[in-house]
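Taken in order, the sequence shown gives residues 0 to 1073; the numbers are from numbering that gives the first Met the number 0. Glycine included, every Cβ here is placed at the ideal spot set by N, Cα and C. One structure below.
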Amino acid sequence: MAELQILRLFGNPLEFLPEILPLRKLRHLSLANIRIVADENLKSVTVQIEMENISYFGASRHKLSAFFSLIFRFSSCHHPLLASALAKIIMQNQGNRVVVGKDENALQQLISMISSDNRHVVKQACSALSTLAGDVSVAIQLMKCDIMQRIKNVMKSPAPEKLISVLQVVVTLAFGSDTVAQKMLNKDVLRSLKLLCAHKNPEVQRLALVAVGNLAFCLENRHILVTSESLRELLMRLTFTPEPLVNKAAARALAILGENESLRRAIRGRQIPKQGLRILSMDGGGMKGLATVQILKEIEKGTGKRIHELFDLICGTSTGGMLAVALGIKLMTLEQCEEIYKKLGKLVFAEPMPNNESATWREKFDQLYKSSSQSFRVVVHGSKHSADQFERLLREMCADEDGDLLIESAVKNIPKVFIVSTLVSVAPAQPFLFRNYQYPVGTPEVPLAISESSGITILGSPTTGSQIGYKQSAFMGSCKHHVWQAIRASSAAPYYLDDFSDDVYRWQDGAIVANNPTVFSLREAQLLWPDTKIDCIVSIGCCSLPIKARKGGWRYLDTGQVLIESACSVDRAEEALSILLPMLPEIQYFRFNPVDERCDMELDETDPTVWLKLEAAVDDYIQNNSDSLKNACERLLLPFIHDEKWADNLKSPHFMKAKATNSVLGESSPSLGWRRNILLVEALNSPDSGRIVHHARALESFCSRNGIRLSLLHDISGISKAVLEKRFPTSFTSHLITESYPSNPLVFSPDVGSQRLGRIDMVPPLSLDGSGKTVTSPPELSPEPRQLSLPVQSLHEKLQNLPQVGIIHMALQNDSIGSILSWQKDVFVVAEPGELADKFLQSVKDTMSSVMQNQNRKGALPFANIADLVHCRPYFQVGNIVHRYVGHQTRVMENDKEIRAYMFCRNIPSLHIIPEDVRSTVGAWRDRIIIFTGTHGPTANLIEAFLDSGAKAVICPIAEPQDVSVTTVTGSGKYNTPENGGFKIGAEDIEGEEAERISPASDREDNDSEKNGNHQTRGFRDEEEEELSEFVCQFYDLVLREGASVDAALKNALASHRKLRYSCHLPRENELVK
């Protein structure tokens, strides 16, 4: 039987099919009404389907129902011959796909075939599944059948053929629906895809990269992928590999992730000119787009440059959108664009309606029923022209071997392009932007809701509690559609062309919401380049008509015409821009829109004589506005003139000498953009909050004097700072202690009450000898996605609501965990002499020595024991733990040994911002400068997190945070708490004997001197703060008022304050490209 090659099973009962898996050489099988014939190597498979002429086929709903029920009943489909036939049947016919897609058992069998040891079976199963997964409802059903478990197992296979086959399924599943893509992505899949992206086989690499990109179309997945460690670095490296297909796939993934700056560096794209952004906006107008082409020719003539070379952002509506794609994406010449318009008129608008200028609207309405086939089409289909020819023309124009999706054009060195359409499948109708770019992660986008049952993505309501009309939200849009679909959707003018639908959404002409898309271009520019100013806007219209008296007609038709005119008017947008933009003198705005009677023509006009009239009117307009066109051309040429001068400087000996002495040049030296505001971040309950001299107060005064807007973040936790009514009892009482302290520091936080927060689990229990109870280790992190703490959430929301903030000043202390956002109070007692006292005193000395070394200060520390310490410095730090001396108690032990216990009030860090927090709020830091002014700088991991999240630069002290925790001062002393548990503040109490002063100044006097700002106790810190305040003000003056780059301002400020040591950290992409 194993050698059997031909098997005919005509007329067998449906419930019977022999086991055919052992028939390895079977190449001819007749089963039910199917005849399958294949060659020896299964490279050519023929499937013949005969009509159902047997009685038991009569009840079948589909001609292949009997065949499917036989092969899917058990594991017969695992045979290579049946697997080949099944793949061919599914791929060839939509009806067959529907039948299989509705059969859960059939899907389960196909999924099981993925794990087959036979590579041919795996390949055929994956081909069939890839075809089926193109249907969103089937894709959701496949996920319910747990297809990802099988896929994850195969992705670990060493066989490249299996990997290629299964990756094709992953690519298709991820592309079809955000619902499916979100369910697909988990840690195991992401880890496997990273490994496959670095596979030795180029095709495996390419498909893995395409899968990563397709998964990133889902907003939730995109956030996970961007914050994933090493993924961006991996993609950047792969854009420099010698394999072209891998290069493009890696660049595509970067584009979909919204890593626009990394993508620009990877493809060595052009940088935004220092003068600012240049924007081209083109109105809609049907065949009147010929006027836009004519004006653009004049601009090219005046500059000597192509349109795509002159602008960074190109947008358009309807016919303007078609020009935006042709010029910005396809890089066509204006002559080619003109030819497209003529072809459009001949193929799509072949039968123009009779044009009688003297006819009333009632007469024109009657003509719809009397003239040619177009009239009947309007009545039956609601549109004057069929879109079939138009879509065929668009497909030809937009075909690209590198990919037909909008986002796939981003891997080329071309401008950003978007097209405006109107989404009419929602109420009310909304603007919809088809774009060839992705927003960076963190950009607030319109929320979506997913229908589990149908798999259809529908627009959802804003999140509960979100700000209504949130000013930072992007417009609805997509970069996932085909280029031709974008033009088709934007050009679906009511009455002229049918609506466009992709079976999920339905669109009409973009002119309904924005026939002049200039305002939209300003919003997109702000989202894409939040800290880059706009230098020049060129807006071109499709001609308008002079105002004239409206002829009387049928009232209802007049009303309809008025509504259309109002919706499609470009004048209102022009008037608004003309009023607002002069308030921003740095933006040069040019508007070119001829107004002439000769421009009166229909959107589908095909009469050459009317075109000639339009051309003559535009020629006259160009001559009359030659000065404005000349000014626009000169403005557009400024970046090229700057580049020429720069190229000349490169050749000069002076420049070569300067280059040798400067390590940071060109784009490596960031500067502040148009966002001039500052956000000052201070910790809640900071030990420095009551200081008279503090650099944060100096910054506030500087901004007030110079008219710079400074936003404060005082109540960072979002919780009221009112004094808690509940008092926590403590055994220590004193008239110098104004607060109530917890009896157990482990379970108290002044921010949120009695619970464990941050690293508070490291605080030892209170005891005189420092010996504490064993503290349980913190619980392991949950596999669930981490939730941001309240302070970090508040900071994130603050940054989202302040788009004008360009500098984030973090007046925070740093430790080995992160930057401290909140502190809490605690009581600590140490007895001297003892092991604990020695450790404690050594920690104090190490901290003070480190600070003096970082500030180039010299001198010996003036204390040898704790008594000397509290006498000269009753207020000091151990690491970042601030200690304030409160009082002491002396006790004589049985061996007549005197032991003195010292009580300190401590400020302990309770909440931090850590690298994971920064990466989770990636959009908040993009294109902003981060400045730290604590005693120590942040950790290297925290700095890296800020830079990876898009920060322009991180400026911070060079001194690294000390790894000193509160547990370093715990010991095993044997001194026990006195029975009365009392402490005397400012005097000793030795069993009724006369109190003896421990020093010329009592403890009470020490504390009073602290309160009064005695330089003996706080002069060191005050002097340090005064110098830091001067440094901060000088730095901001150079950056904000003189426009210096960040590194230049830092060098100049440090030159005047040599005791301070700061460094400037820049993104690593600069070095990577070099």
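Here glutamine 274 is not bridged, per DSSP, to any residue.
The beta-carbon separation of valine 188 and lysine 151, rounded to 6 Å, stays under the 8 Å limit for a contact. Closest in alpha carbon position to serine 543, among Leu580, Gly285, Glu633, is Gly285. Counting C-beta pairs closer than 8 Å gives three or more between the stretch 528 to 540 and the stretch 266 to 276, which meets the contact rule. Secondary structure at arginine 872: coil, using DSSP grouped into helix, strand and coil. In terms of CA proximity to leucine 579, Leu521 leads the group Asp687, Ile5, Pro607, Leu521. Looking from the CA of lysine 296, the closest CA among Glu614, Ser909, Ser115, Asn104 belongs to Glu614.
In the DSSP assignment, leucine 326 falls within the unbroken alpha helix (DSSP H) covering 318 to 327.
Per DSSP, the beta bridge partners of histidine 911 are Ile819. In this structure, the alpha-carbon of leucine 244 lies about 39 Å from that of tryptophan 673. Taking C-alpha positions only, valine 791 is separated from asparagine 412 by approximately 38 Å. Per DSSP, aspartate 387 is one residue of the alpha helix (DSSP H) stretching across 387 to 397. By the Cβ rule, the stretch 199 to 209 counts as touching the stretch 159 to 177, because three or more pairs are nearer than 8 Å. Burial state of proline 584 is exposed, judged by a 10 Å Cβ sphere holding fewer than 16 other Cβ atoms. Assigned with DSSP and collapsed to three states, alanine 524 falls in helix. Taking the Cα positions, phenylalanine 519 is about 29 Å away from alanine 616. A direct Cα-Cα distance of roughly 57 Å separates alanine 958 from arginine 571. Scanning its chain for C-beta atoms nearer than 6 Å, with the 5 sequence neighbours on each side dropped, one finds around valine 680 the residues Leu712, Met809, in chain order. A Cβ-Cβ separation of about 4 Å places isoleucine 406 in contact with cysteine 478 under the 8 Å criterion. Just so you know, the alpha carbons of histidine 222 and glutamate 395 end up roughly 36 Å apart. Spanning the alpha carbons of serine 490 and tyrosine 504 requires a straight line of approximately 15 Å. If only uninterrupted alpha helix (DSSP H) runs of at least 4 residues are considered, those enclosed by the stretch 473 to 548 are 482 to 489, 510 to 513, 517 to 527. Secondary structure note for methionine 154: it is in no alpha helix (DSSP H), with a DSSP letter that is neither H nor E. Your pair leucine 192 and alanine 138 does not check out as a contact, with CB atoms roughly 18 Å apart and the cut at 8 Å. Secondary structure at asparagine 259: helix, using DSSP grouped into helix, strand and coil.
When secondary structure is reduced to three states using DSSP, lysine 122 falls in the helix class. When DSSP states are grouped into helix, strand and coil, alanine 900 belongs to the strand group.
Rounded to whole angstroms, the separation of the alpha carbons of threonine 302 and leucine 635 is 8 Å. Secondary structure at proline 956: strand, using DSSP grouped into helix, strand and coil. Around the beta carbon of alanine 290, a 10 Å sphere encloses 16 or more other beta carbons of the protein chains shown; the residue is thus reported as buried.
For the pair aspartate 825 and isoleucine 907, the CB atoms are nearer than the 7 Å cut-off.
Scanning Tyr494, Glu601, Ala695, Asp134 for the CA closest to the CA of glycine 100 turns up Asp134.
With respect to the 7 Å criterion, glycine 320 and tyrosine 438 are not classified as neighbours on the basis of their beta carbons. Counting along the chain, isoleucine 5 sits inside the beta strand (DSSP E) bounded by residues 5 to 8. A residue is called buried when at least 16 other Cβ atoms come within 10 angstroms of its Cβ; glycine 94 does not meet this threshold and is exposed.
Contact annotation: the stretch 122 to 131 touches the stretch 73 to 89, with at least three C-beta pairs closer than 8 Å.
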